[in-house]
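**Student:**
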Amino acid sequence: MATTFLGDIPGNRFQFVENVASQASGTDSYVPLFRAPQALSVLAAYFIPATAQAGSGTDYKTIQVINRGAAGTGTTVVASKAYSAASLATASFVGAALTVNTAASTVTTSQTLAWYTTSTGSGIATVAGQLQVEYQLT
174 MATTFLGDIP GNRFQFVENV ASQASGTDSY VPLFRAPQAL SVLAAYFIPA
224 TAQAGSGTDY KTIQVINRGA AGTGTTVVAS KAYSAASLAT ASFVGAALTV
274 NTAASTVTTS QTLAWYTTST GSGIATVAGQ LQVEYQLT
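Heads up: the sequence shown is residues 174 to 311, going by the working numbering.
1) Look at the alpha carbon of A255 and the alpha carbon of A217, and state the distance between them as a whole number of angstroms.
2) Within this structure, are the beta carbons of L271 and S253 separated by less than 8 angstroms?
3) Does the Cβ of M174 have 16 or more other Cβ atoms within 10 Å, making it buried, or fewer, making it exposed?
4) Contact between the segment 280-297 and the segment 228-245 is defined here as three or more beta-carbon pairs at a separation below 8 angstroms; is this criterion met?
5) Per the contact definition of three or more C-beta pairs closer than 8 angstroms, is the segment 242-249 in contact with the segment 184-204?
6) Quick check on N192: buried or exposed, where buried means 16 or more other Cβ atoms within 10 Å of its Cβ?
7) Taking the alpha-carbon of I221 as reference, which of T285, V300, Q188 and S278 has the nearest alpha-carbon?
8) Work out the CA separation of Q309 and V250 for me, nearest whole Å.
Structural data, given as structure tokens:
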């Protein structure tokens with residue numbers, strides 16, 4: 174039996190969406206996203222940019238969903254995508270999936286997920302958009 178009634182629904186699959194602001198080149202960010210109501214498994218994550226996202230082979234941003242744990246200090250990467258020249262995002266293109274780290278996709282009750290961006294080289298400006306995370310209660 175699940176911790177919440179939603180976990181008892183066969184095939185339960187949920188998502189949350191977070192609006193994220195644009196960022197200047199070289200600026201890294203952290204945004205708390207979600208606190209797990211019970212154990213869950215992250216199935217997919219997408220960044221849906223409002224406009225096309227530029228990329229560069231040497232100066233780029235990596236977008237990550239991090240499990241901060243129950244204490245808020247964790248650093249486990251649950252999903253990520255580097256916006257280098259080889260992986261640009263088109264405006265409103267839902268197919269810009271982050272790669273889910275299946276070994277780290279389990280989130281336990283009360284753990285917190287957060288959005289991180291980190292710069293490589295001098296980074297690039299990140300456009301505003303939405304982060305969508307799909308999960309299933311376990």
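We treat Cβ as the ideally placed atom computed from N, Cα and C, and that holds for glycine.
Note that the structure is predicted; figures quoted are calculated from it, not measured.
**Tutor:** The relevant details are as follows:
1) 16 angstroms
2) yes
3) Any answer about M174 is weak, because its pLDDT of 48 lies below 50 and its placement is not dependable; what the coordinates show is given next. Answer is exposed; the Cβ neighbour count stays below 16.
4) Short answer: they touch.
5) no
6) exposed
7) V300
8) Between V250 and Q309, the C-alpha separation is close to 18 angstroms.
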